[in-house]
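Asks: Just so we're aligned, residue 601 is where the sequence shown starts under my numbering, counting upward by one.
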Amino acid sequence: MKKITFLLFIFCATQLYSQDLKALKASAERDAKAATAATLKEDFKTLLTYTHPNILEAAGGAEVMEEYLKTTFTQMKANGFAYEKVETKSVSDVVKEQGEYRCYVENYNQMKMKDKRIISTSYMLGFYNETTTKWTFVEAKEMKVTGSIITYFPDFKTSLNIPENTMKVEDIKE
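#1: The beta strand (DSSP E) that contains residue 721, what's its start and end?
#2: Straight-line CA distance for residue 665 to residue 737?
#3: What are the residues that DSSP puts in a beta bridge with residue 687?
#4: Might you give, ordered along the chain, the residues of its own chain that have their beta carbon closer than 6 Å to the beta carbon of residue 767, omitting 5 neighbours on each side?
#5: Let me check understanding here. Comparing Cα to Cα, which of 674, 757, 689 lies closest to residue 633?
#6: Since residue 760 and residue 695 should fall inside the 8 Å C-beta cutoff, what is the C-beta to C-beta distance between them, to a whole number of angstroms?
#7: For residue 561, which of 625, 636, 750 has the nearest alpha-carbon?
#8: Taking residue 748 as the reference, which of 712, 629, 659, 670 has the closest Cα?
#9: Does DSSP put residue 755 in a helix, a strand or coil?
#10: Could you give the residue range of the alpha helix (DSSP H) that holds residue 664?
#11: Below 8 Å, can you find three or more Cβ-Cβ pairs linking the stretch 729-746 to the stretch 711-720?
#12: Which two residues bound the contiguous alpha helix (DSSP H) that contains residue 645?
#13: Spatial neighbours of residue 628 within its chain, please: C-beta separation below 6 Å, excluding the five flanking residues on both sides.
#14: Are residue 772 and residue 712 closer than 9 Å when you measure CB to CB?
#15: If we ignore side chains and look at the alpha-carbon of each, how far apart do residue 757 and residue 764 end up?
#16: Quick check on residue 705: buried or exposed, where buried means 16 or more other Cβ atoms within 10 Å of its Cβ?
#17: Going by DSSP, what residues sit across from residue 700 in a beta bridge?
#18: By Cβ distance below 7 Å, which residues in the same chain neighbour residue 674 in space, the five residues on each side in sequence not counted?
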(Lines of atoms letter the chains of each structure in order from A and count residues from 1; the text may use other names and numbers.)
(Lines give C-alpha, C1' and ligand atoms only; values in the text may rest on other atoms or scores of the structure.)
Protein backbone atom coordinates (compact mmCIF):
# COMPACT_ATOMS: atom_id res chain seq x y z
CA MET A 1 0.00 0.00 0.00
CA LYS A 2 2.87 2.39 0.81
CA LYS A 3 4.38 1.77 -2.63
CA ILE A 4 1.08 2.55 -4.35
CA THR A 5 0.65 5.74 -2.31
CA PHE A 6 4.23 6.77 -3.11
CA LEU A 7 3.73 6.10 -6.83
CA LEU A 8 0.48 8.10 -6.83
CA PHE A 9 2.28 10.98 -5.10
CA ILE A 10 5.07 10.94 -7.71
CA PHE A 11 2.52 10.77 -10.53
CA CYS A 12 0.54 13.75 -9.15
CA ALA A 13 3.68 15.81 -8.53
CA THR A 14 4.88 15.12 -12.09
CA GLN A 15 1.50 16.12 -13.52
CA LEU A 16 1.44 19.38 -11.54
CA TYR A 17 5.00 20.22 -12.64
CA SER A 18 4.08 19.46 -16.25
CA GLN A 19 1.01 21.72 -16.02
CA ASP A 20 3.15 24.49 -14.51
CA LEU A 21 5.58 24.24 -17.44
CA LYS A 22 2.67 24.40 -19.91
CA ALA A 23 1.35 27.52 -18.17
CA LEU A 24 4.83 29.08 -18.26
CA LYS A 25 5.13 28.29 -21.96
CA ALA A 26 1.75 29.92 -22.61
CA SER A 27 2.78 33.03 -20.64
CA ALA A 28 6.07 33.16 -22.58
CA GLU A 29 4.11 33.16 -25.84
CA ARG A 30 1.77 35.86 -24.51
CA ASP A 31 4.67 38.10 -23.45
CA ALA A 32 6.67 37.48 -26.64
CA LYS A 33 3.63 38.45 -28.74
CA ALA A 34 3.23 41.62 -26.68
CA ALA A 35 6.91 42.47 -27.26
CA THR A 36 6.70 41.90 -31.02
CA ALA A 37 3.47 43.91 -31.25
CA ALA A 38 5.16 46.76 -29.37
CA THR A 39 8.07 46.64 -31.83
CA LEU A 40 5.73 46.88 -34.81
CA LYS A 41 3.85 49.82 -33.22
CA GLU A 42 7.11 51.48 -32.13
CA ASP A 43 5.76 51.45 -28.58
CA PHE A 44 9.18 51.48 -26.98
CA LYS A 45 7.97 51.96 -23.40
CA THR A 46 6.04 48.69 -23.63
CA LEU A 47 8.82 46.94 -25.53
CA LEU A 48 11.33 47.81 -22.83
CA THR A 49 9.14 46.23 -20.13
CA TYR A 50 9.87 42.95 -21.93
CA THR A 51 13.61 43.60 -22.19
CA HIS A 52 15.84 41.78 -19.72
CA PRO A 53 16.92 44.09 -16.85
CA ASN A 54 20.62 43.32 -17.44
CA ILE A 55 20.33 44.91 -20.88
CA LEU A 56 18.49 47.97 -19.59
CA GLU A 57 21.07 48.42 -16.84
CA ALA A 58 23.97 48.09 -19.31
CA ALA A 59 22.33 50.71 -21.55
CA GLY A 60 22.01 53.20 -18.70
CA GLY A 61 18.33 52.57 -17.94
CA ALA A 62 15.01 52.35 -19.74
CA GLU A 63 14.85 56.09 -20.53
CA VAL A 64 18.25 56.05 -22.22
CA MET A 65 17.32 52.91 -24.16
CA GLU A 66 13.99 54.41 -25.23
CA GLU A 67 15.68 57.52 -26.64
CA TYR A 68 18.20 55.31 -28.44
CA LEU A 69 15.40 53.24 -30.02
CA LYS A 70 13.47 56.36 -31.08
CA THR A 71 16.56 57.82 -32.75
CA THR A 72 17.47 54.52 -34.40
CA PHE A 73 13.97 53.95 -35.80
CA THR A 74 13.78 57.55 -37.06
CA GLN A 75 17.10 57.12 -38.90
CA MET A 76 16.02 53.76 -40.33
CA LYS A 77 12.75 55.26 -41.62
CA ALA A 78 14.67 58.16 -43.19
CA ASN A 79 16.71 55.55 -45.07
CA GLY A 80 13.57 53.83 -46.38
CA PHE A 81 13.38 51.05 -43.80
CA ALA A 82 10.01 49.84 -42.50
CA TYR A 83 8.79 46.83 -40.59
CA GLU A 84 5.96 45.17 -42.46
CA LYS A 85 5.34 42.21 -40.19
CA VAL A 86 6.70 40.84 -36.93
CA GLU A 87 5.15 37.67 -35.54
CA THR A 88 5.88 35.23 -32.76
CA LYS A 89 5.82 31.79 -34.43
CA SER A 90 6.64 29.35 -31.64
CA VAL A 91 8.00 28.91 -28.14
CA SER A 92 10.34 26.11 -27.11
CA ASP A 93 9.73 23.94 -24.09
CA VAL A 94 10.49 25.74 -20.84
CA VAL A 95 13.50 24.51 -18.88
CA LYS A 96 14.72 25.36 -15.40
CA GLU A 97 18.45 25.95 -15.26
CA GLN A 98 20.74 28.03 -13.12
CA GLY A 99 17.79 28.66 -10.80
CA GLU A 100 15.47 30.23 -13.39
CA TYR A 101 12.97 29.26 -16.07
CA ARG A 102 14.05 29.86 -19.66
CA CYS A 103 12.87 29.22 -23.18
CA TYR A 104 13.50 30.52 -26.64
CA VAL A 105 11.02 32.14 -28.99
CA GLU A 106 10.99 31.99 -32.79
CA ASN A 107 9.99 35.22 -34.54
CA TYR A 108 9.21 35.91 -38.18
CA ASN A 109 10.25 39.36 -39.41
CA GLN A 110 9.40 41.01 -42.71
CA MET A 111 10.96 44.37 -43.46
CA LYS A 112 11.22 46.67 -46.43
CA MET A 113 14.23 48.75 -47.37
CA LYS A 114 13.72 50.84 -50.48
CA ASP A 115 13.24 48.26 -53.29
CA LYS A 116 14.23 45.22 -51.19
CA ARG A 117 12.27 42.98 -48.83
CA ILE A 118 14.13 41.33 -45.98
CA ILE A 119 12.58 38.18 -44.54
CA SER A 120 14.12 36.67 -41.46
CA THR A 121 13.59 34.22 -38.68
CA SER A 122 15.17 35.28 -35.42
CA TYR A 123 15.19 33.92 -31.89
CA MET A 124 14.83 35.54 -28.49
CA LEU A 125 15.93 33.93 -25.27
CA GLY A 126 13.28 34.29 -22.58
CA PHE A 127 13.84 34.55 -18.84
CA TYR A 128 10.92 34.20 -16.43
CA ASN A 129 10.78 36.56 -13.47
CA GLU A 130 8.89 34.71 -10.73
CA THR A 131 8.39 37.93 -8.73
CA THR A 132 6.69 39.88 -11.54
CA THR A 133 5.32 36.72 -13.24
CA LYS A 134 6.54 38.14 -16.53
CA TRP A 135 9.00 37.06 -19.20
CA THR A 136 11.81 39.28 -20.41
CA PHE A 137 13.85 38.66 -23.53
CA VAL A 138 17.20 39.16 -25.20
CA GLU A 139 18.36 38.40 -28.73
CA ALA A 140 19.47 34.78 -28.55
CA LYS A 141 22.31 35.17 -31.07
CA GLU A 142 23.86 37.82 -28.83
CA MET A 143 24.00 35.32 -25.95
CA LYS A 144 26.47 33.10 -27.77
CA VAL A 145 30.18 33.22 -26.97
CA THR A 146 30.76 35.74 -29.79
CA GLY A 147 27.65 37.79 -28.94
CA SER A 148 27.75 41.38 -27.84
CA ILE A 149 25.65 41.04 -24.67
CA ILE A 150 26.78 37.73 -23.16
CA THR A 151 29.18 39.69 -20.91
CA TYR A 152 26.16 41.17 -19.07
CA PHE A 153 25.16 37.65 -17.95
CA PRO A 154 28.06 36.35 -15.83
CA ASP A 155 28.43 32.53 -15.75
CA PHE A 156 25.54 32.07 -18.20
CA LYS A 157 25.08 28.54 -19.48
CA THR A 158 22.11 26.93 -21.18
CA SER A 159 21.08 23.51 -22.35
CA LEU A 160 18.67 25.04 -24.87
CA ASN A 161 19.61 24.27 -28.45
CA ILE A 162 18.71 27.58 -30.05
CA PRO A 163 18.59 27.53 -33.86
CA GLU A 164 20.55 30.01 -35.95
CA ASN A 165 18.81 33.06 -37.39
CA THR A 166 18.02 32.99 -41.09
CA MET A 167 17.63 35.86 -43.53
CA LYS A 168 16.86 36.32 -47.19
CA VAL A 169 16.61 39.44 -49.31
CA GLU A 170 14.27 39.74 -52.28
CA ASP A 171 13.70 42.42 -54.87
CA ILE A 172 10.28 44.03 -54.52
CA LYS A 173 8.40 43.74 -57.77
CA GLU A 174 5.45 46.09 -57.91
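Think of the CB as a built atom: it goes at the ideal place given N, C-alpha and C, for glycine as much as any other residue.
Replies: So, from the data block:
#1: For this step, residue 721 is matched to residue 121 along the sequence shown. Start and end: 716-729.
#2: Looking up residue 665 in the sequence shown gives position 65. Looking up residue 737 in the sequence shown gives position 137. Cα-Cα distance, rounded: 15 Å.
#3: The residue you call residue 687 lines up with position 87 of the sequence shown. In the DSSP output, where bridge partners are listed per residue, residue 687 has 708.
#4: Reading the sequence shown from its first residue, position 167 is the one you call residue 767. Cβ neighbours of residue 767 beyond the five flanking positions: 720.
#5: Reading the sequence shown from its first residue, position 33 is the one you call residue 633. The shortest C-alpha separation from residue 633 is found at 689.
#6: Along the sequence shown, read from residue 1 onward, the residue named residue 760 stands at position 160. Along the sequence shown, read from residue 1 onward, the residue named residue 695 stands at position 95. Their Cβ separation, rounded to whole angstroms, is 6 Å, which keeps residue 760 and residue 695 in contact under 8 Å.
#7: The structure shown has nothing for residue 561, since the chain only spans 601 to 774.
#8: As a working note, residue 748 is residue 148 in the sequence shown. Closest by alpha carbon: 659.
#9: Here residue 755 is taken as the residue at index 155 of the sequence shown, counted from 1. Residue state, collapsed to three classes: coil.
#10: Working through the sequence shown from its first residue, we reach residue 664 at position 64. Start and end: 662-678.
#11: no
#12: For this step, residue 645 is matched to residue 45 along the sequence shown. First-last of the alpha helix (DSSP H) with residue 645: 644-649.
#13: Along the sequence shown, read from residue 1 onward, the residue named residue 628 stands at position 28. The answer, listed in chain order, is 691, 703, 726, 735.
#14: As a first step, residue 772 must be located in the sequence shown, where it is residue number 172. As a first step, residue 712 must be located in the sequence shown, where it is residue number 112. The answer is yes: Cβ separation under 9 Å.
#15: For the purposes of this step, residue 757 is identified with residue 157 of the sequence shown, where counting begins at 1. For the purposes of this step, residue 764 is identified with residue 164 of the sequence shown, where counting begins at 1. Rounded to whole angstroms, residue 757 to residue 764 spans 17 Å at the Cα level.
#16: Taking the sequence shown and counting its residues from 1, one reaches residue 705 at position 105. By the neighbour-count rule (16 or more Cβ atoms within 10 Å), residue 705 is buried.
#17: If you number the sequence shown from 1, residue 700 lands on position 100. Answer is 697, bridged to residue 700.
#18: Translated into positions along the sequence shown, residue 674 becomes position 74. Within the same chain, residue 674 has no close Cβ partners at all.
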